[in-house]
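> The following block contains the structure, expressed as C-alpha cells.
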Amino acid sequence: MNEAAMDDNGKKDATAPLQSALPAEGWHAPAPTQTAPYVPKEPTGPVPEEDEMMEWLKPVQDPELF
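With the numbering used here applied, the sequence shown has no gaps in its numbers, which climb one by one up to 133 at the end.
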C-alpha cells in the first residue's frame, strides 16, 4: 500500500481510493469503431395507391381489439 493511503498511525485511510479499481498501467481503452451512417434506400418500382394499400391491410388483425 502506498504512503498516501496510510494515516499518521500507519492505519489504512478509509477515504483513500481503491488502488485495485484503477486500470493496469499502460492499459488503454479500445478505440471506438466507426461505422458508416445509415442511409435509407430510395424505394424502387411504382408507389402503390392508398386504396391498394388498404386492400392489402384488410386481412391484418389488430391485436388490441380482443
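Backbone N, C-alpha and C fix where the C-beta goes; we use that ideal spot for every residue, glycine too.
1. In whole angstroms, what separates the C-alpha of P126 from that of M120?
2. Going by DSSP in three states, L132 sits in which element: helix, strand or coil?
3. As a quick exercise: from P107, L124, K108, pick the residue whose alpha carbon is nearest that of P115.
4. Whole angstroms is fine: what's the gap from D129's alpha carbon to E122's?
5. In whole angstroms, what is the alpha-carbon distance linking P97 and P107?
According to the structure data:
1. Here residue 126 refers to the residue found at position 59 when the sequence shown is read from its first residue. Here residue 120 refers to the residue found at position 53 when the sequence shown is read from its first residue. About 12 angstroms.
2. For the purposes of this step, residue 132 is taken as residue 65 along the sequence shown, with counting starting at 1. DSSP places L132 in coil when its eight states are reduced to three.
3. Walking along the sequence shown from the start, residue 115 turns up at place 48. If we check each option's Cα against that of P115, L124 comes out closest.
4. Residue mapping note: residue 129 aligns to position 62 of the sequence shown, counting from 1. Residue mapping note: residue 122 aligns to position 55 of the sequence shown, counting from 1. Between D129 and E122, the C-alpha separation is close to 15 angstroms.
5. Counting from 1 along the sequence shown, the entry for residue 97 is found at position 30. Counting from 1 along the sequence shown, the entry for residue 107 is found at position 40. When rounded, the distance between both Cα atoms is 29 angstroms.
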